[in-house]
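A quick write-up on the structure given underneath.
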Amino acid sequence: MDKYIGGISNYASYGFPLCDVPHKMQENSRSGLPPNDVERFMFVVQGSATLSNASGAHHQMTLDSYTYLPPNFEHSLGCGASATLAVFERRYDSLENHFTEQIVGSTDQQPLLETPGEVFELRKLLPPSLPYDFNIHIMDFQPGEFLNVKEVHYNPHGLLLLEGQGIYRLGNSWYPVQSGDAIWMARFVPQWYTAPVQRCE
């Protein structure tokens with residue numbers, strides 16, 4: 003099975019982009035804070051880590067668990083052994099009288115959503131409400147499955163392939179991709195994906 007995590011901006015902002023970066027934490031390490039007014043989303047790809055905040059709350063984050071952290075939210079992530087995380091960061095597009103909250107969850111807690119005309123499995127990890135100015139979703143493809151629609155988005159987004167391998171089309175170019183590869187897609191770039199039955203060489 004192929005699985006990837008994708009982050010997409012909900013608004014066509016021309017400011018701070020949505021950064022999709024795999025981070026490897028070494029043994030006995032601790033994260034720093036993002037810049038001011040930058041929101042952060044972290045997803046555990048390998049290993050485990052402990053999330054702490056200024057109020058003294060602690061959350062043990064294991065494989066496929068995640069957290070959303072509002073801008074200027076005091077927190078740290080520490081690990082005793084090494085860990086790998088997908089980290090999405092973006093300068094927050096605020097709306098008057100709308101505020102985000104810290105979220106801690108895991109992929110298996112989220113329901114499968116309907117994908118009319120498509121065959122992949124889809125789970126969204128952030129609420130669809132107005133305060134959240136980007137969304138994060140997990141897409142699962144079985145071998146031989148593919149996107150039925152060649153997509154074009156007005157908003158930029160990135161993805162990290164979590165498992166498996168496939169072929170990704172960006173514009174008129176075709177790229178073999180595998181677990182651990184990250185892709186950044188600009189607005190209005192045609193895209194398409196397939197998870198081939200046989201291994202890509």
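Numbering of the sequence shown is given in the working numbering, commencing with residue 3 and proceeding in unit increments.
Think of the CB as a built atom: it goes at the ideal place given N, C-alpha and C, for glycine as much as any other residue.
These figures come from a predicted structure and were not determined experimentally.
Each of ALA197, ILE169, ARG125 and GLN193 was checked against the Cα of GLN111, and the nearest Cα belongs to ARG125. The Cβ atoms of HIS25 and SER54 lie no closer than 8 Å to each other. ILE169 and ALA56 have their C-alpha atoms some 43 Å from each other. For LYS126, the enclosing beta strand (DSSP E) starts and ends at 123 to 126.
The residue among GLU29, ASN174 and GLY166 with its C-alpha nearest the C-alpha of PRO198 is GLY166. In this structure, the straight-line span from the alpha carbon of TRP176 to that of LEU127 is close to 28 Å.
Counting only the Cα atoms, GLU98 lies some 46 Å from GLY146. Classified as exposed, THR64 has fewer than 16 neighbouring CB atoms from the shown chains inside 10 Å of its CB. Residue environment: THR117 is assigned as exposed (fewer than 16 neighbouring CB atoms within 10 Å of its CB, all protein chains considered). Per DSSP, reduced to three states, the secondary structure at THR117 is coil, with no helix or strand assignment. The bridge partners DSSP lists for PRO129 come to none. Listed in chain order, the non-local C-beta contacts of ALA83 below 7 Å within the same chain comprise GLU29 and GLY49, local neighbours out to five positions each way being set aside.
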